[in-house]
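Read the structure below first, then the notes.
Protein chains: 2
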Amino acid sequence: MVQLGDIDRSDPRPPYQQIAGMLRSAIESGTLEPGARLPSEAALMENFGVARMTARQAIQELRGEGLVIPEHGRGVFVRPMPPVRRLASDRFARRHRDAGKAAFIAEADKAGYQPGVDRIEISRTTATETIAERLRLPAGDEVLVRDRRYLANGRPVEVATSYLPIAIADGTPIEEPDPGPGGIYARLEEAGHTLARFSEEVGARMPTPDERTALEIGPGIPVLTVVRTAYDVNDLAVEVCDTVKVAPAYLLEYDVPAQ
Amino acid sequence: MVQLGDIDRSDPRPPYQQIAGMLRSAIESGTLEPGARLPSEAALMENFGVARMTARQAIQELRGEGLVIPEHGRGVFVRPMPPVRRLASDRFARRHRDAGKAAFIAEADKAGYQPGVDRIEISRTTATETIAERLRLPAGDEVLVRDRRYLANGRPVEVATSYLPIAIADGTPIEEPDPGPGGIYARLEEAGHTLARFSEEVGARMPTPDERTALEIGPGIPVLTVVRTAYDVNDLAVEVCDTVKVAPAYLLEYDVPAQ
DNA sequence: AAGTGGTCTAGACCACTCG
DNA sequence: GAGTGGTCTAGACCACTTT
Numbered sequence: 045m046v047q048l049g050d051i052d053r054s055d056p057r058p059p060y061q062q063i064a065g066m067l068r069s070a071i072e073s074g075t076l077e078p079g080a081r082l083p084s085e086a087a088l089m090e091n092f093g094v095a096r097m098t099a100r101q102a103i104q105e106l107r108g109e110g111l112v113i114p115e116h117g118r119g120v121f122v123r124p125m126p127p128v129r130r131l132a133s134d135r136f137a138r139r140h141r142d143a144g145k146a147a148f149i150a151e152a153d154k155a156g157y158q159p160g161v162d163r164i165e166i167s168r169t170t171a172t173e174t175i176a177e178r179l180r181l182p183a184g185d186e187v188l189v190r191d192r193r194y195l196a197n198g199r200p201v202e203v204a205t206s207y208l209p210i211a212i213a214d215g216t217p218i219e220e221p222d223p224g225p226g227g228i229y230a231r232l233e234e235a236g237h238t239l240a241r242f243s244e245e246v247g248a249r250m251p252t253p254d255e256r257t258a259l260e261i262g263p264g265i266p267v268l269t270v271v272r273t274a275y276d277v278n279d280l281a282v283e284v285c286d287t288v289k290v291a292p293a294y295l296l297e298y299d300v301p302a303q
Numbered sequence: 045m046v047q048l049g050d051i052d053r054s055d056p057r058p059p060y061q062q063i064a065g066m067l068r069s070a071i072e073s074g075t076l077e078p079g080a081r082l083p084s085e086a087a088l089m090e091n092f093g094v095a096r097m098t099a100r101q102a103i104q105e106l107r108g109e110g111l112v113i114p115e116h117g118r119g120v121f122v123r124p125m126p127p128v129r130r131l132a133s134d135r136f137a138r139r140h141r142d143a144g145k146a147a148f149i150a151e152a153d154k155a156g157y158q159p160g161v162d163r164i165e166i167s168r169t170t171a172t173e174t175i176a177e178r179l180r181l182p183a184g185d186e187v188l189v190r191d192r193r194y195l196a197n198g199r200p201v202e203v204a205t206s207y208l209p210i211a212i213a214d215g216t217p218i219e220e221p222d223p224g225p226g227g228i229y230a231r232l233e234e235a236g237h238t239l240a241r242f243s244e245e246v247g248a249r250m251p252t253p254d255e256r257t258a259l260e261i262g263p264g265i266p267v268l269t270v271v272r273t274a275y276d277v278n279d280l281a282v283e284v285c286d287t288v289k290v291a292p293a294y295l296l297e298y299d300v301p302a303q
């Protein structure tokens, strides 16, 4: 196995933190490459002369930092970093739609990874208070809901839920799982809702258990939340899109004018 | 203590997850208010008839989600949510500087909390490759570094490091801990660098141990990273500001034109 | 079958907080 | 001193993966 040091009994840190520190160093220095297997719990017990729970606690530290992922029956592995998706502030520019590409596809082309969308679900519900407020609808109005999951190189990186007023989406391809070239924004513009601007609210938090499952991430990996509202040239809110992204896979770029 | 259910032996989830789930429900429903103490480990052992490590593992789940914070010798408490700072995309508008307010102060006034800045440190170093690239300087050029920590209601919420080319900052109040009314952006404009635009890169990750200390947060709380570059009307990069924010304390707002 | 991690038990001693 | 969480031990049985 990888050569690690020994526990220093004079070190004020408890043994499990020392072990975690040595493993962390090995990961950060590249001695343990992304995808490599950590020493097994049994190996750590023998190497450091500790009980199993102590070895596990050391690994637990690294899990909490998102550095490693355990795989039942196989071992604990150094987390391979997903490809970073840089989202430029022009990602919803009309020229991408005119070229027949939805925003996600346009950006995948540029960054050079294989995009994918699955689990598309269309439904209708009454708007929650929050959604109604953002769409400036009376609370309780019916809205179209588009749920989907985005993949990069086959790995889930984002789940998104769009809400549109029924009055706008009714009878359009927006109600279809595949809304056609350019995505739903192209369809909105065809329906006369020429888009003027978007407003985005960005936050970050730990994922809920449901989100962990959908995004296939363990605990210790935060998510970025982006709530986007699209407005047409008449300043009508035509869509609210609620997205949850695997944080390490994203960098969001924005341009802010000084005035 | 708070009344919780019992473990369901037919539930496929292990006992510790069931216990964590019940505590999570109690927190989300408000039965356990922010700041309230969770049942002690001894109480959980008795209530559910489990061993101590099982009770601890349940609490560990909630720690990983950032829902609770343990305090040695006192108990485990429901994390009080810090006041959320909504950062509007106009927070660097000139009118705020003209009113003599730095961006942080202007926004605190609006949101109604007590702002604060401490640990201001000024130094000079040679630019790292990344910083030099952002400032479009030759690698190895000297830069002015402004380090500081921001507080809201006395609690740390953000650490920020600004880098400015020496050629721009040399001999100006920007080298002082307190650069005067309107902050360093006001001084830059007085020096002829009228600001035209900012570019921001937003990401999120788990904090390093150093950042955890500086921001006084435990593990389980993610941070938002924002790297802002300021450009003047001649498209000269005049400042790069690297910030690390306590994620639950922030919501960033951006306006994106459709074209 | 052997090796891995996942869960659990029943204890122990320690450090910290509070009355 | 009593109550709290922090750390550790030495076992046990289970579920999953690989050979």
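So the sequence lines, in the order shown, correspond to chains A and B.
What the first sequence shows, in my numbering, is residues 45 to 303, in sequence order.
What the second sequence shows, in my numbering, is residues 45 to 303, in sequence order.
C-beta atoms are modelled at their ideal positions from N, C-alpha and C, and glycine is treated no differently.
| Check | Outcome |
| --- | --- |
| Around the C-beta of M97(B), are 16 or more other C-beta atoms found within 10 angstroms, so that it is buried, or is it exposed? | exposed |
| Report back the beta-carbon spacing between L106(B) and R68(B) to the nearest angstrom; my notes put them in contact at under 8 Å. | 6 Å |
| For Q303(A), count neighbouring C-beta atoms within 10 Å of its own C-beta (all shown protein chains included) and say buried if the count is 16 or more, exposed if not. | exposed |
| Taking Cβ-Cβ distances shorter than 7 Å, what residues in chain A pair up with P209(B)? | Chain A residues near P209(B): none, gap ~18 Å exceeds 7 Å. |
| Just the chain B side, please: which residues come within less than 7 Å of D299(A) by C-beta, in chain order? | R241 and S243 |
| Please list, in chain order, all residues of the same chain as Y194(A) whose beta carbon is under 8 Å from its beta carbon, the five residues on each side excluded. | F148, P159, G160, V161, P200, V201, E202, V203 and A204 |
| Please compile the residues from chain B whose C-beta is within a distance smaller than 8 Å of the C-beta of A80(A). | Under the 8 Å cutoff, chain B gives no residues; its nearest Cβ is about 20 Å from A80(A). |
| So the alpha helix (DSSP H) A274(B) belongs to, where does it begin and stop? | From DSSP, A274(B) is part of no alpha helix (DSSP H) but of the beta strand (DSSP E) over V267 to D276. |
| In this structure, what does DSSP give as the bridge partners for A196(B)? | P159(B) and R199(B) |
| Buried or exposed, going by whether 16 or more other CB atoms sit within 10 Å of the CB of R118(A)? | exposed |
| Tell me the DSSP secondary structure of I218(A) in three-state form. | helix |
| Tell me whether L296(B) sits in a helix, a strand or coil according to DSSP, three-state version. | strand |
| How would you list, in chain order, the residues of chain B whose beta-carbon sits under 7 Å from the beta-carbon of A137(A)? | Q303 |
| Kindly indicate if chain A contains any beta-carbon less than 8 Å away from that of S206(B). | no |
| Grab me the residues of E115(B)'s own chain with a C-beta within less than 8 Å of its C-beta, minus the 5 sequence neighbours each way, in chain order. | F121 |
| Terminal residues of the continuous beta strand (DSSP E) containing G226(B)? | Per DSSP, G226(B) belongs to no beta strand (DSSP E) and is neither H nor E. |
| Answer with buried or exposed for M125(A), where buried requires no fewer than 16 other C-beta atoms within 10 angstroms of its C-beta. | exposed |
| Give me the Cβ distance between P292(B) and R249(A), rounded to the nearest whole Å; I'm assuming they're in contact under 8 Å. | 6 Å |
| Tell me whether the beta-carbon of L157(A) lies closer than 8 Å to the beta-carbon of A132(A). | It should be noted that the sequence gives Tyr, not Leu, for residue 157(A). Cβ distance not < 8 Å, so Y157(A) and A132(A) don't count as in contact. |
| Using a threshold of 8 Å, state whether the C-beta atoms of R241(B) and D279(A) are closer than that. | no |
| Taking the C-alpha atoms as reference points, what is the distance between R135(B) and D214(B)? | 26 Å |
| Can you pull out the residues from the region 140-166 of chain B whose beta carbon lies closer than 9 Å to at least one beta carbon of chain A? | none |
| Check L188(A) in the structure and name its three-state DSSP category. | strand |
| Out of P301(B), E244(B) and V189(B), state which residue places its alpha-carbon closest to the alpha-carbon of E220(B). | V189(B) |
| Going along chain A in order, which residues have a C-beta closer than 9 Å to the C-beta of G264(B)? | G108, M250, P263 and G264 |
| Does A291(B) come within less than 8 Å of chain A when only Cβ atoms are used? | yes |
| Kindly indicate which residue of I210(B), R192(B) and R163(B) has the alpha-carbon position closest to the one of A176(B). | I210(B) |
| Rounded to a whole number of angstroms, what is the C-alpha to C-alpha distance between K145(A) and A235(A)? | 18 Å |
| When the distance is taken between beta carbons, is R123(A) closer than 8 Å to P78(A)? | yes |
| Is the CB of S69(A) under 8 Å away from at least one CB in chain B? | no |
| Out of E297(B), P301(B), I265(B) and A274(B), point me to the one whose CA is closest to K289(B)'s CA. | I265(B) |
| Give the single residue among D276(A), D254(A), I261(A) and P301(A) whose Cα lies nearest to the Cα of G110(A). | I261(A) |
| Given this structure, state the Cα-to-Cα distance separating I113(A) from A64(B), to the nearest angstrom. | 21 Å |
| Would R282(B) count as contacting chain A if we go by Cβ distances under 8 Å? | Inspection of the sequence shows that residue 282(B) is occupied by Val rather than by Arg. It does not; no Cβ of chain A falls within 8 Å. |
| How far does the beta strand (DSSP E) with F136(B) in it reach, from first residue to last? | It is not in any beta strand (DSSP E) - F136(B) carries neither H nor E in the DSSP assignment. |
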